[in-house]
Amino acid sequence: MAVTNIVLAGLGGQGVVKASDLLSTTAFNAGCEVKKSEVHGMSQRGGSVTSDVRFGDKVLSPMVPMGEADFLLVFESSQVDINRGWLKPGGVLITPDAIPEGALRNRKSLNVAILGALSVMLDFEEDQWIRSIHTCLAEKLHAVNEQAFALGREVGQQLGRVKETEGV
Numbered sequence: 007m008a009v010t011n012i013v014l015a016g017l018g019g020q021g022v023v024k025a026s027d028l029l030s031t032t033a034f035n036a037g038c039e040v041k042k043s044e045v046h047g048m049s050q051r052g053g054s055v056t057s058d059v060r061f062g063d064k065v066l067s068p069m070v071p072m073g074e075a076d077f078l079l080v081f082e083s084s085q086v087d088i089n090r091g092w093l094k095p096g097g098v099l100i101t102p103d104a105i106p107e108g109a110l111r112n113r114k115s116l117n118v119a120i121l122g123a124l125s126v127m128l129d130f131e132e133d134q135w136i137r138s139i140h141t142c143l144a145e146k147l148h149a150v151n152e153q154a155f156a157l158g159r160e161v162g163q164q165l166g167r168v169k170e171t172e173g174v
C-alpha cells in the first residue's frame, strides 16, 4: 500500500488532535504503519492547530511534505487558505462548509463528521471507524459521534459523486 498523506487543520478546541487520533487508530487497526505529528501553537487561545497523519506499508517520516497531502481536512473555514499549500494537485479538500451543521446533534462533533466524509474515500471498513470512536472517546460521546460520522459519510458519498461527475 502506498503512503497516504492527510493534513488536518483548525483552531484550538475544535478537536483536530482527537480527529487525528481517530484516523491514526483506524489506520493502525487496519494493519497500516502509521506516523503522526502535531503542531499546537497557541491552541489554548484559539490559535492554529495542525496534525499530519501518514499511513501505508512503510512510512519513513511523520511530516507530510508541503504540496503532497492527498487529503486536507479543515475544521475552520478561516484556515483553508492558510493550509491549502499542503494539498497536492488533484488532492481532496474537505471543509466544514460541506457538513450541514444543523443536522449535527452536537456542534462539537463536526470533526467526526468531517472524518465521516473522508471515510468513504479511504479503504477502511465502516466498523473499523466505529471501533476507533469507541476506543478514543468516552462512552457518553459514542452515540452523538456515531450520528455525526454517519452524516459525514452521507456528505462524503455526495462529494464522491460530484468528483466523479466533474472528472476531478
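Going left to right, the sequence shown walks through residues 7 to 174 as our numbering numbers them.
The C-beta atom is built at its ideal place from N, Cα and C for all residues, glycine as well.
Span of the alpha helix (DSSP H) holding A8? For this step, residue 8 is matched to residue 2 along the sequence shown. From DSSP, A8 is part of no alpha helix (DSSP H); its letter is neither H nor E.
Enumerate in chain order the residues of its own chain whose CB-to-CB distance from A154 is below 6 Å, with the five nearest sequence positions on each side excluded. For this step, residue 154 is matched to residue 148 along the sequence shown. Closer than 6 Å at the Cβ level, and outside the excluded window around A154, lie L110, S115, V118, A119.
Per DSSP, which residues does I100 bridge with? Please list them. On the sequence shown, residue 100 is found 94 positions in, with the first residue counted as 1. BP columns for I100 point to L79.
Integer Cβ distance of L78 from V13, believed to fall under 8 Å: The count along the sequence shown starts at 1 and reaches residue 78 at position 72. The count along the sequence shown starts at 1 and reaches residue 13 at position 7. Sure, about 5 Å apart at Cβ, within 8 Å.
Per DSSP, cross-strand counterpart(s) of D58: For the purposes of this step, residue 58 is identified with residue 52 of the sequence shown, where counting begins at 1. For D58, which the question treats as bridged, DSSP gives the partners V13, S43.
Go to I136, then tell me how far its alpha helix (DSSP H) extends in each direction, as first and last residue. For the purposes of this step, residue 136 is identified with residue 130 of the sequence shown, where counting begins at 1. Residues 132-142.
In or out: E82 buried (at least 16 other Cβ within 10 Å) or exposed? Within the sequence shown, the letter at position 76 stands for residue 82. Its Cβ being crowded by 16 or more others within 10 Å, E82 is buried.
Beta bridge counterpart(s) of L93 as assigned by DSSP: In the sequence shown, the residue the question calls residue 93 occupies position 87. Per DSSP, A75.
For L92 and M69, I'd like the C-alpha separation in whole angstroms. Here the question's residue 92 lines up with position 86 in the sequence shown. Here the question's residue 69 lines up with position 63 in the sequence shown. In the sequence under discussion, the amino acid at residue 92 is Trp, which differs from the Leu named in the question. Roughly 11 Å separates the two Cα atoms.
Do you know how far the Cα of P106 is from the Cα of Q164? Taking the sequence shown and counting its residues from 1, one reaches residue 164 at position 158. Taking the sequence shown and counting its residues from 1, one reaches residue 106 at position 100. Each residue's Cα considered, the two are about 13 Å apart.
Identity of the residue in T31, H46, P71, R90 nearest V80 by Cα: As a first step, residue 80 must be located in the sequence shown, where it is residue number 74. Comparing Cα-Cα distances from V80 to each of T31, H46, P71, R90, the minimum goes to R90.
Where does the unbroken alpha helix (DSSP H) through I120 begin, and where does it stop? As a first step, residue 120 must be located in the sequence shown, where it is residue number 114. Its alpha helix (DSSP H) spans residues 116-125.
Use the C-beta contact count for I100: other C-beta atoms within 10 angstroms, 16 or more gives buried, fewer gives exposed. Start at 1 with the first residue of the sequence shown, and residue 100 comes out as number 94. It counts as buried.
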